[in-house]
Amino acid sequence: MIAVKPPDEYYDAVVIGAGPAGSTAAKRLGQAGLKVALLDQRLEIGNKIQCAEFVPRPISRYAPLRAGDIAQRVEGIKTFINGKPVHTLAAPGYTLNRNLWDKYQADEAKNAGVTVMSATRAVAVGDHAVTITKGTERGKIYATFILGCDGPHSLVSGRLGNGRQENCVALQYELLLHKPMTHVEIYFEPDYYGGYAWAFPKGNTVNAGIAIHASVKNQLHCLLHEFCRSLMQRQVVQSDRIVAKTGGFIPTGGLAGCLAQKNMLLAGDAAGCTHPVTGAGIMNAVRSGHLAAMAVIRQVKSKDEHLVSENYPRILHEEYSRQFAIARERLNSRNREWTNDPEKFLALIRRSWIAFPEYYTQ
Ligand SMILES: Cc1cc2nc3c(=O)[nH]c(=O)nc-3n(C[C@H](O)[C@H](O)[C@H](O)COP(=O)(O)OP(=O)(O)OC[C@H]3O[C@@H](n4cnc5c(N)ncnc54)[C@H](O)[C@@H]3O)c2cc1C
């Protein structure tokens, strides 16, 4: 056993998951003087990142970025439909080295006094206890507050009674670029049901990936191979040699039904903070991690027991509900009306992709 409730293993807060949401929340809680544990099942935090790593530039307002965390500056988003470039949006951003950045965020939490535990998996969550495993060892840690920042298949979300989130499935290869790119590129094709392909440059390499509706996930490998071949034919990439491979699930269902109860709260992908149309979740993970920590800090200071269970969900809804409701409507009607007809497909994507004015004016 790791610990059977010795007094020094009782934390004010335990944060499960050291992604952008969890590390941000843990750092804020640590800075406020709370005794905090941040745990992650990964052997090393920042390892095996499941991400295409594009963030809008204002993210640096919410989370520190060192020069080395930025792989490349990006000027905007080019959208391709039916193989043709149809639109360029000025949207300054960065592609990150998320492996470095995630580790840095967890180190920042550690510097704020947080106990960071890697290779530590939460396997059960009770009212004030988290059962953990580390290698072959099993034990419990105890806390007044439990923050579920544990990604799209959140254990804590299940404990709050939420069902499985709707999601897209994604696969991505990192390939060597032929020549530098200034924009991230998004590709819509009738073959990519429910999603899109992307090419996000990282200096000499590019994250080339596809996310599609979970119902057609068996086509993912084939579609990605074809997409990479098309990038090769257009001389965007040098060859089909895969530098790195990743993938995962991208929530598309919007905010979880229950975001907090008593002493337990969700942030980031676990809370469904990912944008249902774009799949972008890093910035919202950082923001919701911050808001979750602030709710806990205020509750501790004021002794008002409703700040976590009532105020925090209200704040998240104020922040995201409207834009996510529009995104869900656009995504659902796009999926319903999906078509192979090139002209209808073009019009459909224009109505349902955030780069086009039609998205906002229905
Ligand atoms: C292929 C792909 C590409 C993407 N591209 C982009 C992009 O370009 N831009 C963007 O903004 N978003 C992108 N996203 C979404 C983005 O990655 C997520 O929204 C973001 O990582 C959410 O942060 P988080 O902290 O909530 O969760 P995560 O980053 O998923 O972190 C959760 C952490 O919890 C840990 N964990 C889970 N369960 C347990 C457990 N039981 N015990 C202990 N630890 C646990 C995990 O190991 C993980 O480290 C992409 C997603 C995918 C899958």
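Under UniProt numbering, the first residue of the sequence shown is numbered 1, with each subsequent residue one higher. Virtual Cβ for every residue (Gly too), placed ideally from N, Cα, C. A quick note: this is a predicted structure, and the numbers were derived from the prediction, not measured.
Could you check what DSSP says for Met-181 in three-state terms: helix, strand or coil? coil
With distances taken Cα to Cα, identify the nearest neighbour of Gly-19 among Thr-88, His-306, Leu-100, Asn-263. Leu-100
Roughly how many angstroms lie between the CA atoms of His-128 and Asp-269, to the nearest whole one? 22 Å
With 16 as the cutoff for other CB atoms within 10 Å, does Lys-27 come out buried or exposed? buried
Nearest to Ala-52 by CA position, among Arg-164, Ile-349, Ala-199, is which residue? Ala-199
Sub-7 Å separation of Val-237 and Leu-177 beta-carbons: yes
For Ala-208, the first and last residue of its enclosing alpha helix (DSSP H): First-last for Ala-208: 205-213, but that is the beta strand (DSSP E), not the alpha helix (DSSP H).
Determine the DSSP secondary structure at Gly-93, reduced to helix, strand or coil. strand
DSSP three-state call for His-317: helix, strand or coil? helix
Please tell me whether, using a cut-off of 6 Å, the distance from the CB of Pro-64 to the nearest non-hydrogen atom of ligand 1 is below it. no
Is Ala-52 near ligand 1, going by C-beta to nearest heavy atom under 6 Å? yes
Does DSSP classify Arg-350 as helix, strand or coil? helix
Determine the closest residue to Val-184 out of His-153, Ala-13, Tyr-196, with distance taken between C-alpha atoms. Tyr-196
So, with DSSP's three-state summary, where would you put Ile-16? strand
Determine, using beta carbons only, whether Ala-25 and Ala-267 come nearer to each other than 7 Å. yes
Could you compute how far the alpha carbon of Ile-77 sits from the alpha carbon of Pro-92? 9 Å
Gly-158: first and last residue of the uninterrupted alpha helix (DSSP H) it sits in: 155-159
Return the CA-CA distance between Arg-328 and Asn-218, expressed in angstroms with no decimal places. 24 Å
Between the Cα of Asp-40 and those of Gly-126, Gly-113, Leu-65, Gly-151, spot the shortest distance and give me the residue it belongs to. Gly-151
On the criterion of 16 or more Cβ atoms from any shown chain inside 10 Å, does Gln-105 qualify as buried, or is it exposed? buried
Any idea if Ile-250 is buried or exposed, counting beta-carbon neighbours within 10 angstroms, 16 or more meaning buried? buried
Asp-107: beta carbon under 6 Å from a heavy atom of ligand 1? no
Check the C-beta distance from Val-55 over to Leu-96 and give it rounded, since I have them as a contact under 8 Å. 6 Å
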